[in-house]
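Per this note's numbering, the sequence shown starts with residue -15, numbered consecutively.
To start, the structure itself, in structure tokens.
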Amino acid sequence: MPPVIKTDYTHHEFVGYLLKKINIKTKIIQVTGVKGKTTVTTLLKHVLSNYNTLVLTSDKLTYNNKTLMKKLSITPASIITAINKAKEEKIFNELDYCIFEVSLGVVPNGYINILTNILEDYP
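Here is the structure:
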């Protein structure tokens, strides 16, 4: 989505920049869209349950089904919060996958992105 005011970077571009700066090597899957984000994110969590997976949903941040944080937003900036929490918990280097439910579109460049429900009348 284009920014409403003139900016040097969009929210998504800056989060992408920070992820590159962190030099994260794990696979990142981002789920966004109008409806179905939490459902798809939860489904992927179950599909990848045999891996060390950090999962951000609108409800909580989990690592291998252990709750790390509750009531974290799903804005792109929360991806950085989730990564920092993984570092704080000393699990960052163990991550195989990160699955992030993101409310405002996706961080570009080199990540797996899933867009749900593109038919909704949503500008």
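Idealized CB from N, CA, C, for every residue including glycine.
* Asked: Roughly how many angstroms lie between the CA atoms of S87 and K11, to the nearest whole one?
  -> 19 Å
* Considering G17, what are the terminal residues of the beta strand (DSSP E) in which it resides? -> 11 to 17
* **Proximal residues to T26 (C-beta, below 7 Å), its chain only, five neighbours per side dropped** => T41
* **Reduced DSSP secondary structure (H/G/I, E/B, other) of K71** => helix
* **Rounded straight-line distance, which links the Cα of I63 to that of A70** => 11 Å
* Three-state secondary structure (DSSP) at L2? -> helix
* Would you mind reading off the limits of the beta strand (DSSP E) that contains V24? => Not the beta strand (DSSP E): V24 falls in the alpha helix (DSSP H), residues 21 to 31.
* **I13 beta carbon less than 9 Å from that of L28** => yes
* To do: On the DSSP bridge assignment, give the partners of V39 in chain order.
  => Partner(s): T46, I83.
* Distance, Cα to Cα, T16 vs F(-2)? -> 17 Å
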